[in-house]
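Student:
Residue numbers (our numbering), protein chains in the order written: chain A, 4 to 315; chain B, 4 to 315.
1) Use the C-beta contact count for residue 143 (chain A): other C-beta atoms within 10 angstroms, 16 or more gives buried, fewer gives exposed.
2) Just to check my reading of the structure: residue 247 (chain A) and residue 219 (chain A) have Cβ atoms closer than 8 angstroms, yes? What is that Cβ distance to the nearest angstrom?
3) If the cut is a Cβ gap below 9 angstroms, which residues of chain B does residue 252 (chain A) touch?
4) I'd like to know whether the C-beta of residue 163 (chain B) is nearer than 8 angstroms to at least one C-beta of chain A.
5) How many whole angstroms separate the CB atoms of residue 266 (chain A) and residue 304 (chain B), which I take to be in contact at a CB cut-off of 8 angstroms?
6) Residues of the stretch 28-48 of chain B with a CB closer than 7 angstroms to any CB of chain A: list them in chain order, please.
7) Specify, as a first and last residue, the run of the beta strand (DSSP E) that residue 142 (chain A) falls within.
8) By the criterion of Cβ-Cβ separation under 7 angstroms, what are the contact partners of residue 206 (chain A) in chain B?
9) Rounded to a whole number of angstroms, what is the C-alpha to C-alpha distance between residue 294 (chain B) and residue 34 (chain A)?
10) How is the beta strand (DSSP E) around residue 127 (chain A) delimited, first residue to last?
11) Under 8 angstroms between C-beta atoms, does residue 114 (chain A) make it to chain B?
12) With DSSP run on the structure shown, which of helix, strand or coil describes residue 107 (chain A)?
13) Short of 9 angstroms Cβ to Cβ, which residues in the stretch 258-276 of chain A face chain B?
14) Considering just the uninterrupted stretch of the beta strand (DSSP E) at residue 290 (chain B), what are its terminal residues?
15) Going by the DSSP bridge assignment, what does residue 244 (chain A) pair with across the sheet?
16) Please determine, among A:261, A:44, A:168, the residue with the shortest C-alpha to C-alpha distance to residue 207 (chain A).
17) Measuring only between beta-carbons, confirm whether residue 303 (chain A) sits less than 8 angstroms from chain B.
18) Let me know if residue 88 (chain A) comes out buried or exposed under the rule of 16 or more other beta-carbons within 10 Å of its beta-carbon.
19) Cα separation between residue 97 (chain A) and residue 61 (chain A)?
20) With H, G and I counted as helix, E and B as strand and the rest as coil, what does DSSP make of residue 219 (chain B)?
21) Can you find the residues in the same chain that come closer than 7 angstroms, C-beta to C-beta, to residue 141 (chain A), ignoring five residues on each side of it along the sequence?
22) Using beta carbons (cut-off 8 angstroms, strictly below), is residue 295 (chain A) in contact with chain B?
23) Going by other Cβ atoms of all chains shown within 10 Å of its Cβ, with 16 needed for buried, is residue 31 (chain B) buried or exposed?
24) Should residue 120 (chain A) go down as buried or exposed, given a rule of 16 or more other Cβ atoms within 10 Å for buried?
25) Taking the beta strand (DSSP E) that residue 51 (chain B) belongs to, which residues open and close that run?
26) Does residue 309 (chain B) get closer than 8 angstroms to chain D when you measure Cβ to Cβ?
27) What separation, rounded to the nearest whole angstrom, lies between the Cα atoms of residue 38 (chain A) and residue 126 (chain B)?
28) Taking the alpha-carbon of residue 81 (chain A) as reference, which of A:145, A:236, A:160 has the nearest alpha-carbon?
29) Smallest Cα separation from residue 255 (chain A): which of B:240, B:297, B:286?
30) In or out: residue 316 (chain A) buried (at least 16 other Cβ within 10 Å) or exposed?
31) Can you tell me which of the three DSSP states residue 82 (chain B) falls into?
32) Please determine, among B:291, B:204, B:221, the residue with the shortest C-alpha to C-alpha distance to residue 185 (chain B).
33) If you draw a straight line from the alpha carbon of residue 7 (chain A) to that of residue 22 (chain A), how long is it in whole angstroms?
34) Can the beta-carbon of residue 237 (chain A) be found closer than 8 angstroms to that of residue 67 (chain A)?
35) Just the C-alpha distance for residue 91 (chain A) and residue 232 (chain A), rounded to the nearest angstrom, thanks.
36) Is any beta-carbon of chain B found at less than 8 angstroms from that of residue 239 (chain A)?
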């Protein structure tokens, strides 16, 4: 184990990949790696790229990575794919565009399937981010696919959340409805060479004026990811948000809030695992049968499950 | 309390509303109502109506309710709105169209905000469904707003899941990507008077032919919710799915699976509440501070939290 850590600390990409796999799978070995590497994390600027399907998030992440490479920085990218709750298979799709970047040794791309019966981000996403951070990438992008739940989760994990919109899709109104606009630190109108881009910028500005300000104006930038137009300005806006976090005291607040969320959600998983371990399949099956047969309600059954598990 | 239950059992709508509010808020009183009423549930046909924003789910739910009223059935509708994780305010929007139905005493509409820091369905949605079921509605519709996570959750709660698509929006491909098509029991092409409806039906049929069959062909129906075209056939398809559940043994499997999910998720909530109750804010704050300051990783902190909570 210490050999792999040594190679990781020497900057060897293959060691990073192997450690990421163990951490992503949540094995005891993975947790031990995380325990050792965690104190080295906390330096990266973590950036969530969110937005609806087809909004050009992959292309934009690629353009941002290219621009940061021009400025001499190494970049880590975590691409989160939705997976079917039934097949658990990742669908790669637009990841293919990322392959240009994979050939650049200054860019490290990690694809990650979302896990779990209910979809959403993998429970170990925070751990994967921490390991990429500990490796020393000054910028780590987390690109989600899809909208909704994932985007809200990513805003907890990333220091800066970039919400990507497109002209002419009505996405602006959807974003408002889902409350997603409220989690954005930077708004982007991508595909800004299409008709309706100016209208969308005005609409977004109007929406922002309705939202409560937290002592900082949220910038709205126009980009064309495929040509790189507006991308240097977007990098500047991302850097400015980080600078604001550092000077306003928001960075500490964000880190504490995220730490609290992580500790409580991991504690919840540990507790459920304990209960599952300490309850026989027969006891659980009996309670489930009573609920399914409507002779017992789910709350009373859960209370009995917890009591029985803790009495052992 | 017994007075309200008596009025509920006598079919009084106001008693239903008051009990729903208590159950939705998860108060101890609400749990006691649920405990008493749960044995009366399990008779309703619960139907989830899912699909992207703007696909016409509200109109379709309204048309389905009208058709069922013509056939002499009473109908319950639960309309789940997304709420901002920050404002917790429900945005009513297309609920307004539901108001025609509210005037019909044979239809009971309940609006429900989604709750919780991470959005998604309220944790008490299953309890609200159980109470509507216990009240005696033969049909209970659950209409979600938005896509993704909610739709997968609703497929667990509802006996029949209807996925609404529209021509010309590319929704078909998005549905495949998110694995959502796999949770559908009935597929609908709504707004079928628009161009591209036939193409979408063919695409959906092709997608279904790729998915593993579970001993039942998934029907694809075309509707125009605003005119009612195709709605009687959709009601028939929904009834046929219920009949199939009854005769195939799938009903028992579905009920057991949902009961298991509910018991475990309620147990998880109880356990977290226990930990929060048994841990001082100081202890939690100290662990959170160590994680935020990177001297402790989240897993080790969570283990310490659990151990301290259980040592009390």
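The beta-carbon is built from N, C-alpha and C at its ideal position, and this holds for glycine as well.
Tutor: Reading it off the structure:
1) Counted from its first residue, the first chain places residue 143 (chain A) at position 140. Buried is the call here.
2) By one-based count along the first chain, residue 247 (chain A) stands at place 244. By one-based count along the first chain, residue 219 (chain A) stands at place 216. 6 angstroms between Cβ atoms; contact.
3) Taking the first chain and counting its residues from 1, one reaches residue 252 (chain A) at position 249. Result: empty, since nearest Cβ-Cβ is about 13 angstroms, beyond 9 angstroms.
4) Counting from 1 along the second chain, the entry for residue 163 (chain B) is found at position 160. False, the Cβ-Cβ gap to chain A never drops below 8 angstroms.
5) Within the first chain, the letter at position 263 stands for residue 266 (chain A). Within the second chain, the letter at position 301 stands for residue 304 (chain B). Confirmed, Cβ separation roughly 5 angstroms.
6) 34, 37, 38, 41, 42, 44, 45
7) As a first step, residue 142 (chain A) is located in the first chain; it is residue number 139 there, counting from the start. Element bounds for residue 142 (chain A): 142-146.
8) Numbered from its first residue, the first chain carries residue 206 (chain A) at position 203. Going along chain B, no residue has its Cβ under 7 angstroms from residue 206 (chain A), so there is no contact; the nearest lies around 16 angstroms.
9) Residue 294 (chain B) sits at position 291 when you count from the first residue of the second chain. Residue 34 (chain A) sits at position 31 when you count from the first residue of the first chain. Roughly 15 angstroms between the two C-alpha positions.
10) Position 124 of the first chain holds residue 127 (chain A). That residue, residue 127 (chain A), is in no beta strand (DSSP E); it is neither H nor E in DSSP.
11) To locate residue 114 (chain A), count along the first chain from 1; it is residue 111. No, residue 114 (chain A) lies away from the interface with chain B (no Cβ there is under 8 angstroms from its Cβ).
12) To locate residue 107 (chain A), count along the first chain from 1; it is residue 104. Coil, per DSSP.
13) 258, 259, 260, 261, 262, 263, 264, 265, 266, 267, 268, 269, 270, 271, 272, 273, 274, 275
14) Translated into positions along the second chain, residue 290 (chain B) becomes position 287. First-last for residue 290 (chain B): 284-295, but that is the alpha helix (DSSP H), not the beta strand (DSSP E).
15) Here residue 244 (chain A) refers to the residue found at position 241 when the first chain is read from its first residue. According to DSSP, which records beta bridges pairwise, residue 244 (chain A) is partnered with nothing at all.
16) Stepping through the first chain from its first residue, residue 207 (chain A) is reached at position 204. Considering only alpha carbons, the answer is A:168.
17) In the first chain, residue 303 (chain A) corresponds to position 300, counting from 1. Yes, contact with chain B.
18) Within the first chain, numbered from 1, the residue matching residue 88 (chain A) stands at position 85. Because the pLDDT of residue 88 (chain A) is 31, which lies under 50, any placement of that residue in the model is unreliable, and the number read from its coordinates should be weighed accordingly. Residue 88 (chain A) should be labelled buried.
19) For this step, residue 97 (chain A) is matched to residue 94 along the first chain. For this step, residue 61 (chain A) is matched to residue 58 along the first chain. With a pLDDT of 40 at residue 97 (chain A), under the threshold of 50, the predicted position of this residue should be treated as unreliable, and no value is reported.
20) If you number the second chain from 1, residue 219 (chain B) lands on position 216. Three-state result, residue 219 (chain B): coil.
21) Position 138 of the first chain, counted from the first residue, corresponds to residue 141 (chain A). If we look at residue 141 (chain A) and ignore the five residues flanking it on each side, its Cβ neighbours are 47, 48, 76, 77.
22) By one-based count along the first chain, residue 295 (chain A) stands at place 292. Yes, residue 295 (chain A) lies at the interface with chain B (some Cβ there is under 8 angstroms from its Cβ).
23) For the purposes of this step, residue 31 (chain B) is taken as the residue at position 28 of the second chain. Result: exposed.
24) Locating residue 120 (chain A) in the first chain gives position 117, counting from the first residue. For residue 120 (chain A), the pLDDT reaches just 36, beneath the cut-off of 50, and the residue's location in the model is therefore unreliable, although a value from the coordinates is still provided. With fewer than 16 Cβ atoms within 10 Å of its Cβ, residue 120 (chain A) is classed as exposed.
25) Start at 1 with the first residue of the second chain, and residue 51 (chain B) comes out as number 48. Where residue 51 (chain B) is concerned, the enclosing beta strand (DSSP E) stretches over 48-54.
26) No chain D appears in the structure shown, which is made up of the protein chains A and B.
27) In the first chain, residue 38 (chain A) corresponds to position 35, counting from 1. In the second chain, residue 126 (chain B) corresponds to position 123, counting from 1. When rounded, the distance between both Cα atoms is 33 angstroms.
28) Taking the first chain and counting its residues from 1, one reaches residue 81 (chain A) at position 78. Residue A:145 is the option with its Cα nearest to residue 81 (chain A).
29) Position 252 of the first chain, counting from 1, holds the residue named residue 255 (chain A). With distances taken between Cα atoms, residue 255 (chain A) lies closest to B:297.
30) Nothing can be reported for residue 316 (chain A): it is not among the residues displayed for chain A, which extend from 4 to 315.
31) Translated into the one-based positions of the second chain, residue 82 (chain B) becomes position 79. Residue state, collapsed to three classes: strand.
32) Residue 185 (chain B) sits at position 182 when you count from the first residue of the second chain. Of the listed residues, the one whose Cα sits closest to residue 185 (chain B) is B:221.
33) Indexing the first chain from 1 puts residue 7 (chain A) at position 4. Indexing the first chain from 1 puts residue 22 (chain A) at position 19. Their backbone Cα atoms lie some 8 angstroms apart in a straight line.
34) Position 234 of the first chain holds residue 237 (chain A). Position 64 of the first chain holds residue 67 (chain A). Contact flag set, yes.
35) Indexing the first chain from 1 puts residue 91 (chain A) at position 88. Indexing the first chain from 1 puts residue 232 (chain A) at position 229. With a pLDDT of 30 at residue 91 (chain A), under the threshold of 50, the modelled position of that residue is not reliable, and no figure is offered here.
36) In the first chain, residue 239 (chain A) corresponds to position 236, counting from 1. With 8 angstroms as the cut-off, residue 239 (chain A) does not count as an interface residue toward chain B.
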